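Chemist:
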Amino acid sequence: MVSLAVGSLIAAFALPAKGLFGMAVVLLGVAVVVAGLVLGGLRWPVRLVIAGVGIALAVVLLPIVPEWGKVGSGFFGTDDLSEMNIAIETPPGSNLEYTRLKAEEAARIAARHPEVTYTFITIGGPSGVVDEGNIYVRLVPRGERDIGAEALSSVLRQEVAGIGGATASVYTSDFQGEQKQIQIQLRGQMPDDLNTAAEMILAEAKQVPGAVDVALSTKGEKPELDVQLDRGLAGSLGITVGQVALSLRPAFAGIDAGDWVDPSGETRDVYVRLSPEARSRVADLEQLPLVIPGPSAAPSTLPLGQIARIRRSTGPAVINHLDGERVVTVGANTFGRSLGEVLGDLNARIDGLQLPPGVRVSQGGEADDQAEVFGQIFTALGIAVLLMYLILVVQFGSFLDPLAILISLPLSLIGVMLALALTNNTINIMSLIGVILLAGIVAKNAILLIDFAKWAREKDGMELREALIEAGAIRLRPILMTTFALIAGMVPVALGRGEGAQFRAPLGIAVIGGVITSTFLTLLVIPTIYEILDGARSWVGARFRRRAPRVQREAVVATVE
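Below is the structure:
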């Protein structure tokens with residue numbers, strides 16, 4: 041009675057408490073209650089006592105339960121690697137100098153912050169485009185600054201948004217590179233319908249809280265020169281479309297003219313092509329000579345304007361295809377909310393849209409990777425639980441006893457969710473690995489209890505309830521010793537000190553939270569579940585034993601008659 045009163049009093053202080061302090065006070069109250077149950081030699085109706093404790097704990101934990109709903113989901117946890125990248129995109133058709141000026145402006149904005157040590161600018165990409173740039177931003181070590189990389193990225197995102205004539209996106213994760221975390225892929229055959237649907241989803245995505253760097257993959261339109269070949273005339277002269285394209289390529293892309301050694305002694309490649317003015321004047325392009333075969337195999341030249349019509353027009357800057365279909369992607373990053381929360385809100389908004397017929401919506405990027413990996417992890421967890429059950433069936437020689445042990449697994453999830461919520465972490469790949477790790481750890485405590493209770497009943501002939509109480513009293517010390525040793529080993533992981541350590545922190549937090557709740561709740565719940573299952577087994581066995589003699593008597597009577 042004293043332990044129950046003291047435990048309830050301690051737990052009552054958790055009602056106004058919040059955060060980790062409230063969680064610690066609640067667990068302290070639970071510990072006192074458990075100590076009274078297993079060490080006090082109680083011989084009362086254990087079910088009544090446990091039911092009362094369960095109700096009391098439900099009342100105490102009620103203010104904290106809503107925190108569980110705040111646990112979002114994401115592929116990776118937030119990690120401060122003391123670096124970030126700023127991706128710059130200038131309008132389609134921009135030249136190298138214009139993109140360089142915009143990238144330098146973004147680099148100057150980043151360099152103004154004392155947390156930045158240096159910046160490194162890269163213009164262009166592997167495809168040869170010059171309207172894209174990247175600024176690598178290196179930060180001082182995490183311990184030497186007061187602001188994290190995520191918070192600084194939010195500040196930079198607002199500052200670089202003021203750069204005129206360019207769009208900027210800020211990335212802090214090293215895993216996805218410059219790929220947006222959320223990618224809504226629209227597929228179809230009609231370009232106009234795809235663009236209409238993309239604009240509709242783009243407008244909705246900008247209204248979702250936590251969605252940042254929202255943009256389309258199309259990048260709008262860019263000016264171009266449309267060369268329409270007179271195929272009949274060209275065919276009569278023996279000129280093909282491929283020959284015209286090969287003749288135009290050196291004028292625009294350039295041709296390798298050799299090497300040149302500059303005054304400093306450095307060797308540079310030399311490419312020759314038309315000047316920018318000549319490449320944009322239709323009259324000059326019409327005079328571009330084409331080489332055509334002559335009747336006697338002697339080649340001759342012909343102006344391009346005599347067999348083709350050249351006009352100015354605009355066209356899409358980027359055309360993407362996926363599985364043979366045209367695709368437009370709406371991309372976004374997240375800040376302040378988890379990937380799962382932002383994606384859930386966005387999908388709800390998309391479901392309410394009336395998209396043009398023939399347009400199909402699918403997910404890509406990190407969200408698609410998360411769904412695939414999470415599915416594999418849950419499959420692995422299910423296989424692990426099944427194998428654990430089969431091994432316990434062989435060990436205990438019963439199909440019911442392992443069920444009581446496996447009840448300890450969901451008890452650990454209570455602590456996992458609560459610990460992640462109170463530390464502002466998400467359900468990600470590392471925390472799920474911690475859950476798989478917990479599956480073997482928390483079952484160990486239940487095995488110690490059930491194994492000792494079965495041994496006490498078989499060797500000393502104890503009653504089931506007496507054996508369970510004795511098992512709790514004797515096995516409490518080794519259970520607590522292994523639990524505290526595990527917690528002590530996981531504390532450095534959970535603290536996440538040092539660069540890159542925050543990536544592993546959810547694993548330690550999940551293990552610590554799960555092992556704490558499962559340890560204390562196992563001492564209360566597992567004996568009760570085991571007693572209920574044993575009673576059910578005895579009741580079913582008694583029913584069959586009563587039925588068997590009656591069947592035998594009926595058989596004897598039938599034989600006599």
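This note's numbering puts the first residue of the sequence shown at 41, with every later residue one more than the last. All residues carry an ideal CB built from backbone N, CA and C; glycine is no exception. The structure displayed is predicted, hence computed values, not measured ones.
#1: Within 10 angstroms of its Cβ, does L516 collect 16 or more other Cβ (buried), or is it exposed?
#2: Would you please state the rounded distance, in angstroms, between the beta carbons of A293 and V312? I believe it to be under 8 Å.
#3: Is V370 closer than 8 Å to A238 when the C-beta atoms are compared?
#4: Give me the Cα-Cα distance between G202 and A151, rounded to the nearest whole angstrom.
#5: Using the C-alpha atoms, what's the distance from A127 back to E406?
#6: Within this structure, are the beta carbons of M11 and A483 separated by less than 8 Å?
#7: Find out if the Cβ-Cβ distance for the pair V358, T258 is shorter than 8 Å.
#8: Given a cut-off of 8 Å on the beta-carbon distance, is the pair L379 and Q542 in contact?
#9: Just to confirm the assignment: which complete beta strand (DSSP E) runs, minimum length 3, are found wholly within the stretch 246 to 322?
#10: Give me, in chain order, the residues of the same chain whose beta-carbon lies closer than 7 Å to that of I514; leave out the 5 immediate sequence neighbours on both sides.
#11: By Cβ distance, which residues of its chain are closer than 8 Å to T144, with the 5 residues on each side in sequence left out?
#12: Could you pull the start and end residues of the beta strand (DSSP E) that I163 belongs to?
#13: Taking only three categories from DSSP, how would you classify G398?
#14: Near I163, which residues of its chain fall below 7 Å by C-beta distance, leaving aside the five closest residues on each side in sequence?
#15: State the beta-bridge partners of N125 as determined by DSSP.
#16: Quick one: what's N373 bridged to in DSSP?
#17: So which of S209, M530, D500 has the shortest CA-CA distance to N194?
#18: If contact is defined by three or more beta carbon pairs under 8 Å, each pair taking one atom from either stretch, is the stretch 499 to 512 in contact with the stretch 562 to 573?
#19: Between T212, I187, E199, Q198, which has its C-alpha nearest V177's C-alpha?
#20: Name the DSSP bridge partner or partners of V368?
#21: According to DSSP, is R349 part of a helix, a strand, or is it coil?
#22: Just to confirm my understanding: we take G474, look at its own chain, exclude 5 residues before and 5 after, and list those with CB closer than 6 Å. What are they?
#23: Comparing alpha-carbon positions, which option in V433, E264, A323 lies nearest R615?
#24: Using a threshold of 8 Å, state whether the C-beta atoms of V331 and L234 are closer than that.
#25: Comparing the C-beta of A424 with each C-beta of chain C, is any distance below 8 Å?
#26: Out of P316, E317, D299, S320, point me to the one whose CA is closest to V310's CA.
#27: Does the stretch 269 to 283 come within contact of the stretch 406 to 423, defined as at least 3 CB pairs closer than 8 Å?
#28: Identify the continuous alpha helix (DSSP H) that holds P343 and give its terminal residues.
#29: Keeping to the same chain, check which residues put their C-beta closer than 7 Å to that of T130; ignore five residues upstream and five downstream.
#30: Under 8 Å by Cβ, that's how I've got I445 and I487 pegged, so tell me the actual separation to the nearest angstrom.
#31: Could you tell me which residues DSSP puts in a beta bridge with V331?
#32: Once DSSP output is grouped into helix, strand and coil, what is the label at P518?
#33: Rank Q268, E571, L489 by C-alpha distance to the C-alpha of E326 and give the top, closest one.
#34: Taking the C-alpha atoms as reference points, what is the distance between P532 and V555?
#35: Pick out whichever of V180, S134, G404 has its Cα sitting closest to the Cα of H153.
Modeler: Let's see:
#1: In the sequence shown, counting from the first residue as 1, residue 516 sits at position 476. With 16 or more Cβ atoms within 10 Å of its Cβ, L516 is classed as buried.
#2: Here residue 293 refers to the residue found at position 253 when the sequence shown is read from its first residue. Here residue 312 refers to the residue found at position 272 when the sequence shown is read from its first residue. The pair is not a contact, with the Cβ atoms about 11 Å apart (cut-off 8 Å).
#3: Sequence index remark: in the sequence shown, residue 238 carries index 198 (1-based). Sequence index remark: in the sequence shown, residue 370 carries index 330 (1-based). Yes, they are a contact pair.
#4: Counted from its first residue, the sequence shown places residue 202 at position 162. Counted from its first residue, the sequence shown places residue 151 at position 111. Whole-angstrom Cα-Cα distance: 16 Å.
#5: Residue mapping note: residue 406 aligns to position 366 of the sequence shown, counting from 1. Residue mapping note: residue 127 aligns to position 87 of the sequence shown, counting from 1. Straight-line Cα distance between these residues: approximately 18 Å.
#6: In the structure as shown, the chain begins at 41 and stops at 601. Residue 11 is therefore absent and cannot be evaluated.
#7: Working through the sequence shown from its first residue, we reach residue 358 at position 318. Working through the sequence shown from its first residue, we reach residue 258 at position 218. Result yes, Cβ atoms of V358 and T258 sit closer than 8 Å.
#8: Position 339 of the sequence shown, counted from the start, is the residue given in the question as residue 379. Position 502 of the sequence shown, counted from the start, is the residue given in the question as residue 542. Going by C-beta atoms, L379 is not nearer than 8 Å to Q542.
#9: 251 to 256, 261 to 269, 295 to 301, 307 to 312
#10: Working through the sequence shown from its first residue, we reach residue 514 at position 474. Correct list, in chain order: F492.
#11: Taking the sequence shown and counting its residues from 1, one reaches residue 144 at position 104. In the sequence under discussion, the amino acid at residue 144 is Glu, which differs from the Thr named in the question. So the qualifying residues of the chain are I161.
#12: Working through the sequence shown from its first residue, we reach residue 163 at position 123. Run containing I163: 156 to 163, per the beta strand (DSSP E) assignment.
#13: The residue you call residue 398 lines up with position 358 of the sequence shown. Note: G398 maps to coil in three-state DSSP.
#14: Sequence index remark: in the sequence shown, residue 163 carries index 123 (1-based). If we look at I163 and ignore the five residues flanking it on each side, its Cβ neighbours are L136, T139, R140, A143, V170, G173.
#15: Translated into positions along the sequence shown, residue 125 becomes position 85. Answer is Y176, Y211.
#16: Indexing the sequence shown from 1 puts residue 373 at position 333. Looking at the DSSP assignment, N373 forms a beta bridge with V252.
#17: Locating residue 194 in the sequence shown gives position 154, counting from the first residue. One point to set straight first is that residue 194 is Ser, not Asn, in the sequence displayed. The shortest C-alpha separation from S194 is found at S209.
#18: yes
#19: Mapped onto the sequence shown, residue 177 falls at position 137. The option with the nearest alpha carbon to V177 is T212.
#20: The count along the sequence shown starts at 1 and reaches residue 368 at position 328. DSSP lists L226 as partners of V368.
#21: On the sequence shown, residue 349 is found 309 positions in, with the first residue counted as 1. Three-state result, R349: strand.
#22: Counting from one through the sequence shown, the residue named residue 474 turns up at place 434. Same-chain partners within the cutoff: L547, A550, V551.
#23: For residue 615 there is no data in the structure shown, the boundaries of the chain being 41 and 601.
#24: The sequence position of residue 331 within the sequence shown is 291, counting from 1. The sequence position of residue 234 within the sequence shown is 194, counting from 1. Their beta carbons are not under 8 Å apart, which means V331 does not touch L234 by this criterion.
#25: Absence of chain C from the displayed structure is noted, only one protein chain being present.
#26: For the purposes of this step, residue 310 is taken as the residue at position 270 of the sequence shown. For V310, the nearest C-alpha among the options comes from D299.
#27: no
#28: Here residue 343 is taken as the residue at index 303 of the sequence shown, counted from 1. Per DSSP, P343 belongs to no alpha helix (DSSP H); it is in the beta strand (DSSP E), 340 to 343.
#29: Here the question's residue 130 lines up with position 90 in the sequence shown. The residues are Y138, T139, K142, D171, G205, A206.
#30: As a first step, residue 445 must be located in the sequence shown, where it is residue number 405. As a first step, residue 487 must be located in the sequence shown, where it is residue number 447. Indeed, because the Cβ distance is near 6 Å, the residues count as touching under 8 Å.
#31: The residue you call residue 331 lines up with position 291 of the sequence shown. According to DSSP, V331 bridges with T341.
#32: Locating residue 518 in the sequence shown gives position 478, counting from the first residue. Helix.
#33: As a working note, residue 326 is residue 286 in the sequence shown. Among Q268, E571, L489, the Cα nearest to that of E326 belongs to Q268.
#34: Taking the sequence shown and counting its residues from 1, one reaches residue 532 at position 492. Taking the sequence shown and counting its residues from 1, one reaches residue 555 at position 515. For P532 and V555, the distance between alpha carbons rounds to 16 Å.
#35: Reading the sequence shown from its first residue, position 113 is the one you call residue 153. When each option's Cα is compared against that of H153, the closest is V180.
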